[in-house]
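Beneath this line is the structure, given in structure tokens, with notes to follow.
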Amino acid sequence: MKTPLQHKVGLFESCFGDGAGKRFALVSGIHGDELDGLYLSYRLAQFLRDWESSGNPIRGHISLIPVANPLATAATERFWPFGQIDINRCFPGLDAPRDGEGAPHVWAGAIFDHLKGFDLVVDVHSSNLFLRECPQIRVLNKFRSVADDYAENANVDVVWIHDAPTVIETTLSYNLNAVGVPTLVLEMGVGLRIQKEFVDTVFEGMIHLLRKLGILSGVSSRPIRKKPHYATDRNVRYLNSGSGGFFVPDVSVGSGVHAGQQVGRILDALSGEVKEEVVSNWNGYLFTIRAH
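Using our numbering, the first residue of the sequence shown is number 610, and each one after it goes up by one.
Here is the structure:
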């Protein structure tokens, strides 16, 4: 594809395996400000390269697409830079531009068509610039069977089974699941940052998934860290402050909290005052918090 400035842009992937078994794809960088997937792809590529070079078999096909939106990643912007269009609201995409829907929809269509034949796709995301999230799998309730089959092998803290607004129907994960390609959304970290400890944990999960699919055998890996917490729209609680200012968290994601515990403070940089001490109303597990 050519940009409006006539520069060519392409989609790059690394492939491993003999092609004789299951097909697994890891896709990241649909949003250009999400970097954890880049590091996860690097970890997997490094491992698989060394595994193959040592004469070990990879029974099947592994595809790594670290940068699914290269224009946005190069510009360190979340969206397709020409028109600020969210690629993850353009699926299943188009074969050619029409009716005011242009290059982003064609790009999305090419990604979607490429992934249709896979046995499992992991769509990796980081949060935005304002939120920090512990590693979690997100799956729509209508596709819960995908989570039941695979999520507990991903080495994540939380599996969130949720209902969603209509806009989710234009995402990559929704459309792949809708045509029968099992797809997990993996979310972690914060925008424009690499949470190395999160990625290292999830890397072990990806090895477990490849073993479950029968693509890797004989590989040793750390045991699954723990059974994930299951979140639904019925047991997720949202805590909002009642004051303006800037937020400084006092707890970390991936930890338990109890009712009455202070989780952060709203501060006034001009006066030096604490505007509000933000206190949890519930006992629970904290999997998302504002970064600032």
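Glycine is no exception: its CB is placed at the ideal position from the N, C-alpha and C atoms.
Model, not experiment: these values are computed from the prediction.
With a cutoff of 8 Å on beta-carbon distance, His714 and Gly726 are scored as not near each other. About 35 Å separates the CB atoms of Phe856 and His817; that is not less than 8 Å, and the two are not in contact.
Under DSSP, Ile777 forms no beta bridge with any residue.
Our two residues, Arg658 and Ser850, have alpha carbons roughly 48 Å apart in a direct line. Here DSSP, grouped into helix, strand and coil, assigns Ile824 to coil. The beta carbon of Lys884 lies closer than 6 Å to those of Ser852, Gly854, Ile875, Asp877 in the same chain, with the five residues before and after it left out. Ranking Val828, Gly869, Val845, Phe896 by CA distance to the CA of Ser663 puts Val828 first. Residue pairing by DSSP places Arg874 opposite Val857, Glu886 in a beta bridge. Between the region 818-825 and the region 833-852, the count of C-beta pairs closer than 8 Å stays below three; the two stretches do not touch.
In this structure, DSSP gives Asp645 a helical state, which the three-state scheme calls helix. The region 691-769 contains, as complete alpha helix (DSSP H) runs of 4+ residues, the segments 712-724, 753-759 (chain order). Excluding sequence positions up to five before and after Thr779, its CB lies within less than 7 Å of the CB of Arg698, Cys699, Phe700, all in the same chain and listed in chain order.
Taking C-alpha positions only, Gly638 is separated from Ile694 by approximately 14 Å.
Among the bridge pairs identified by DSSP, Trp689 is matched with Ile694.
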